[in-house]
Amino acid sequence: KSCRDSGFQVAVVVVDRFGILQVAIRDQLAGPHTIETARRKAWTAVSFRTDTEAMADLTQAGKPQSGVRQVPGALMIGGGVPVEAAGAMVAGIGISGAPGGKADDTCARDGIQSIIEKLEF
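For reference, each letter of the sequence shown is one residue, going 103 to 223 in my numbering.
Set out below in structure tokens:
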């Protein structure tokens, strides 16, 4: 909702803790690439158990973990966030279509916060 309220047309993808697609929705005005980009961000977040914005920084050229960028399917751009409940990772969310990774990341975190009480066991 926060993305839409900000005027962004985005795609949202949720994967389970194993990276398997559970839900994908796309604003009718979001670009055709946004579903796949959001899926890859969500997959990356659960695979590496950290948000993709942090991974983007950790894997810059010249850093020890830069080779991780070569993992097939991984996408090191902000907007992928692991979803945790009761201390365990239960899913990952990926957002694509806002103007930049930081905005995608903010939208993802706002989305998680809007449902967090439903996730707590």
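By construction, the Cβ of each residue, glycine as well, lies at the ideal position given by its N, Cα and C atoms.
Close CB contacts of Phe120 within its chain, under the 8 Å cut and outside five residues either way in sequence, are with Val148 (chain order). Between the region 186-205 and the region 115-129, the count of Cβ pairs shorter than 8 Å is three or higher; the stretches touch. Between the C-alpha atoms of Gln162 and Lys143 there is a straight-line separation of about 16 Å. Asp159 is not bridged by DSSP to any residue.
Counted as a single uninterrupted DSSP element, the alpha helix (DSSP H) harbouring Leu221 occupies residues Gly203 to Leu221. Under the three-state reduction of DSSP, Gly175 is assigned to coil, being neither helix nor strand. The beta-carbon distance between Gly203 and Ile179, rounded to whole angstroms, is 5 Å. This is short enough to meet the 8 Å contact definition.
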